[in-house]
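K.L.:
Protein chains in written order, with the working numbering: chain A, 1 to 759; chain B, 760 to 915. By construction, the Cβ of each residue, glycine as well, lies at the ideal position given by its N, Cα and C atoms. What follows is a single structure, and I will ask about it in a moment.
Here you go:
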């Protein structure tokens with residue numbers, strides 16, 4: 001039997017996808033279906049004096065125009081309950097929903113939305129994070145102190161969540177350091193940009209509603225609908241058809257309740273499909289801008305002795321899941337290095353812009369971009385090679401982190417060595433080229449997760465899981481794990497997923513957690529079925545279960561290959577009088593001990609459980625005349641534990657690297673002083689194309705993590721986009737001799753830095 | 760005002776009455792029920808809506824349906840024949856070139872257009888030909904590899 005890692009992986013949903021027959025949410029239609037369209041705020045910050053919907057309601061084809069007064073009086077939010085489904089009294093960003101229309105066609109719905117008269121009193125717009133935290137700044141939420149919030153969130157005015165990490169004595173260590181480097185970096189807002197825009201369809205049956213949604217987190221969407229419409233959670237069923245990517249942009253509960261409310265009000269199914277432009281400004285999951293100030297003390301032998309950091313992250317107008325970002329960003333401001341004295345202070349500032357939320361490795365690519373460039377500046381300050389500086393300080397087994405977590409066996413140093421070896425660090429290059437290196441880390445997220453495994457009478461199997469496939473293949477690869485437990489083939493199993501009425505609770509396609517947690521769940525479920533099969537086989541083979549193995553589709557007496565019974569026979573026999581059905585969830589691996597007594601605003605990120613380590617080395621060519629930089633080649637080395645599915649893991653690394661190149665060089669939103677995004681479309685927010693993307697070579701450390709997921713695996717989906725921008729920044733600085741302190745590092749900014757002028 | 764036209768899609772003729780402003784994409788996805796072509800941006804940037812019109816790849820979101828009257832249209836649904844996957848479709852699966860799958864129909868159409876005019880492309884030629892199709896999942900490496908593997912010249 002091939003082991004999991006040797007199994008050639010063809011995704012079970014692949015044929016549906018290559019033939020074009022697979023349905024995504026926007027591909028579905030229902031009899032009698034109406035189309036929804038939103039009226040968004042006309043100002044980034046304004047008080048609503050009145051809303052007149054009469055003209056919109058009078059338009060032929062319009063069934064309903066909905067505003068705040070049509071839905072229950074509920075505030076919601078995962079950490080801070082600061083928002084409502086529809087704007088109430090005040091609009092706080094351009095994508096805030098003021099009203100929703102249901103009409104017979106999308107065109108009529110759009111026309112009606114434009115006919116709604118809203119009278120506003122403009123309020124001062126807060127669009128800059130530092131201005132937001134300045135004394136006397138206008139409050140984005142005047143009533144912030146009255147909002148319900150998780151008790152661990154430290155809040156004050158426009159600071160929606162503050163976190164500190166303190167270890168040792170930074171002042172003393174900086175005073176005694178041989179060199180001190182102080183720098184400031186600014187990262188612009190960017191976006192997840194899944195190629196499928198958001199879509200949702202709701203249909204009621206009696207007092208129960210089914211919502212087909214392009215969500216990464218169906219169970220969280222279910223809770224959101226139930227909470228905001230004040231109906232029992234059991235009355236809400238979320239089904240996700242094929243999901244066209246997410247990258248965090250489709251995490252959290254978004255618009256499922258709006259379409260459900262419209263469907264209830266009209267007694268019709270209602271569908272909402274976003275345009276690309278809405279995808280940029282409306283959903284509360286863009287990648288937040290950051291201001292990052294770093295000060296590091298180093299000895300002449302390269303020993304890092306102190307790191308001070310001050311970070312301000314942009315929360316946007318409402319708090320999605322971003323309140324845990326300051327602590328996470330603070331961990332990244334330290335990075336995967338031994339630093340005995342640390343003081344990092346991170347805040348999350350409300351502004352009148354699109355709300356932030358988890359986008360693939362939230363906070364990390366921006367913070368790491370700053371830290372890894374800073375590391376090269378620190379190396380330069382003592383005349384040391386930047387790889388050598390990393391080599392002397394990178395975390396190893398037994399080291400303690402900034403929160404005094406003692407590290408298990410890890411492969412951080414190996415990733416550094418293998419990445420620089422793969423790219424040929426130190427080789428002679430043309431004068432317009434350079435190699436830059438960046439290191440990073442990322443935690444695994446252990447948590448509950450549900451799955452069932454059943455064998456059918458014909459010997460085939462079904463995996464019923466709460467996990468959500470977002471494209472990575474993590475759910476599609478679950479049969480590999482189940483088949484290995486049962487001595488069957490992956491293709492013997494079908495997968496029933498993405499239906500909250502079927503599977504057990506799962507956190508969804510977020511936090512690189514699917515294989516880590518649901519992999520464990522399906523293995524546990526399969527082991528229950530295994531025990532049931534062995535019990536049946538004992539009777540058939542007249543042998544005790546300790547002597548029976550499940551291999552090649554049969555139960556077989558060990559050492560006596562002729563004494564065997566096919567699993568199909570056992571399944572057929574079982575169908576008559578008992579079930580072959582297993583369930584799994586189980587406890588996540590133990591969380592490592594930390595001592596974060598010096599920290600405030602603790603929201604779980606003081607612990608980096610089963611951390612992944614990453615080094616990317618990039619070769620970049622920079623045109624000094626134009627500032628255009630081109631990434632020519634990338635070497636990526638990852639310690640993400642044991643690799644269970646090589647094709648899937650490579651796909652994550654390659655995709656993450658290219659997303660990181662986009663972030664580094666092109667992807668950033670331009671926000672006007674009026675709080676509006678100036679480039680909310682793909683014409684002016686450019687993604688990398690196949691012609692831009694370089695060849696990528698990969699080296700996995702492929703060693704088991706003692707506190708990892710199944711077979712010693714660790715999270716794999718998010719880490720690949722973490723260190724790429726920093727590595728590219730370092731290469732640019734080597735070619736031009738000037739560091740770019742703003743992300744994205746556009747040609748204008750590269751040119752300006754190289755020529756010593758402000759961009 | 761609507762106009763009579765006949766769209767020839769994947770070898771089947773569809774007589775239709777269409778308003779002049781309708782895009783080919785909305786007619787394919789609406790009237791004809793062919794939802795393989797996707798709308799990812801509506802301004803010819805992402806390529807998810809790509810179909811072949813007389814063998815040339817076009818972004819159907821930005822192509823009027825009436826312009827296609829009398830022309831031969833191929834959508835992703837027309838690539839597999841007699842229950843057999845097209846070599847490009849099989850190669851995309853073998854090489855791991857499919858993740859979320861939303862860009863896949865447009866990618867396959869672009870690749871098919873390339874291989875029809877150049878059965879033995881270099882990797883650079885493949886990457887240039889697919890330059891109008893955005894993928895956010897794969898980083899393009901496995902897609903490029905799939906197209907090279909499916910090229911008739913590579914297997915000759």
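#1: Is the CB-CB distance between residue 787 (chain B) and residue 793 (chain B) below 7 Å?
#2: Just to confirm, is the Cβ distance from residue 815 (chain B) to residue 854 (chain B) under 7 Å?
#3: Taking residue 850 (chain B) as the reference, which of A:324, A:18, A:464 and A:639 has the closest Cα?
#4: Report yes or no: is there a C-beta of chain A within less than 7 Å of the C-beta of residue 899 (chain B)?
#5: Can you tell me where the beta strand (DSSP E) with residue 564 (chain A) in it begins and where it stops?
#6: Quick one: is residue 1 (chain A) near chain B, going by C-beta distance under 7 Å?
#7: By the 7 Å beta-carbon criterion, what residues does the stretch 265-290 of chain A contribute toward chain B?
#8: Quick one: what's got a C-beta closer than 6 Å to residue 656 (chain A)'s C-beta in the same chain, skipping five residues either side?
#9: Could you check what DSSP says for residue 647 (chain A) in three-state terms: helix, strand or coil?
#10: Would you mind sorting residue 6 (chain A) into buried or exposed? The rule is 16 or more other CB atoms within 10 Å of its CB.
#11: Grab me the residues of residue 695 (chain A)'s own chain with a C-beta within less than 8 Å of its C-beta, minus the 5 sequence neighbours each way, in chain order.
#12: Rounded C-beta distance between residue 660 (chain A) and residue 725 (chain A)? I'm assuming under 8 Å.
#13: When the distance is taken between beta carbons, is residue 691 (chain A) closer than 7 Å to residue 847 (chain B)?
#14: From the DSSP output, read off the bridge partner residues of residue 66 (chain A).
#15: Looking at the C-beta of residue 358 (chain A), does it have a partner C-beta in chain B at a distance below 7 Å?
#16: So if DSSP puts residue 341 (chain A) in a beta bridge, which residue, or which two residues, is it bridged to?
#17: Residue 709 (chain A) and residue 530 (chain A) look like a contact to me (Cβ under 8 Å); what is the Cβ gap, rounded to whole Å?
#18: When the distance is taken between beta carbons, is residue 259 (chain A) closer than 7 Å to residue 26 (chain A)?
#19: Should residue 188 (chain A) go down as buried or exposed, given a rule of 16 or more other Cβ atoms within 10 Å for buried?
#20: How long is the line joining the alpha carbons of residue 641 (chain A) and residue 183 (chain A), rounded to whole angstroms?
#21: Answer yes or no: does any C-beta atom of chain B fall closer than 7 Å to that of residue 193 (chain A)?
#22: Can you pull the DSSP bridge partners for residue 410 (chain A)?
#23: Name, going along the chain, the residues of the stretch 778-794 of chain B whose beta-carbon falls closer than 7 Å to a beta-carbon of chain A.
#24: For residue 19 (chain A), decide whether its Cβ has a neighbour in chain B, counting only Cβ atoms nearer than 7 Å.
#25: So if I threshold CB-CB distances at 9 Å, which residues from the stretch 883-908 of chain B count as touching chain A?
#26: If you check the beta carbons only, do residue 191 (chain A) and residue 280 (chain A) fall under 7 Å apart?
#27: Would you tell me roughly how many angstroms separate the C-alpha atoms of residue 174 (chain A) and residue 497 (chain A), rounded to the nearest one?
#28: Suppose only complete runs of 4+ residues qualify. What are the alpha helix (DSSP H) ranges in the stretch 783-852 of chain B, listed by chain order?
#29: Please state the DSSP three-state secondary structure of residue 247 (chain A).
#30: From the DSSP output, which residues share a beta bridge with residue 348 (chain A)?
#31: Cβ closer than 8 Å: which chain B residues qualify as neighbours of residue 764 (chain A)?
#32: Skipping 5 residues on each side, what residues in its chain have a beta carbon closer than 7 Å to that of residue 795 (chain B)?
#33: Would a check of beta-carbon distances place residue 702 (chain A) closer than 7 Å to chain B?
#34: Measuring only between beta-carbons, confirm whether residue 864 (chain B) sits less than 7 Å from chain A.
#35: Just grab the DSSP bridge partners of residue 441 (chain A) for me.
#36: Give me the chain B residues within the contact set of residue 572 (chain A), using Cβ-Cβ distance strictly less than 8 Å, ordered along the chain.
P.N.:
Let's see:
#1: yes
#2: no
#3: A:18
#4: yes
#5: 560-566
#6: Because residue 1 (chain A) sits at a pLDDT of 38, beneath the cut-off of 50, its placement in the model cannot be relied upon, and the point is left open.
#7: 275 and 276
#8: 720 and 721
#9: helix
#10: The predicted position of residue 6 (chain A) is uncertain, since its pLDDT is 48 and thus under 50; no value can be drawn from it.
#11: 633 and 634
#12: 6 Å
#13: no
#14: A:100
#15: no
#16: A:306
#17: The Cβ separation is near 19 Å, so there is no contact.
#18: no
#19: buried
#20: 34 Å
#21: yes
#22: Looking at the DSSP assignment, residue 410 (chain A) forms no beta bridge with any residue, so it has no partner.
#23: 794
#24: yes
#25: 883, 885, 886, 887, 888, 889, 890, 891, 892, 893, 894, 895, 896, 897, 898, 899, 900, 901, 902 and 903
#26: yes
#27: 54 Å
#28: 783-788
#29: coil
#30: A:161 and A:313
#31: Any question about residue 764 (chain A) goes unanswered here, given that chain A covers just 1 to 759.
#32: 834, 835, 836 and 864
#33: no
#34: yes
#35: A:613
#36: Those within 8 Å of residue 572 (chain A) in chain B number zero; the least Cβ separation is about 30 Å.
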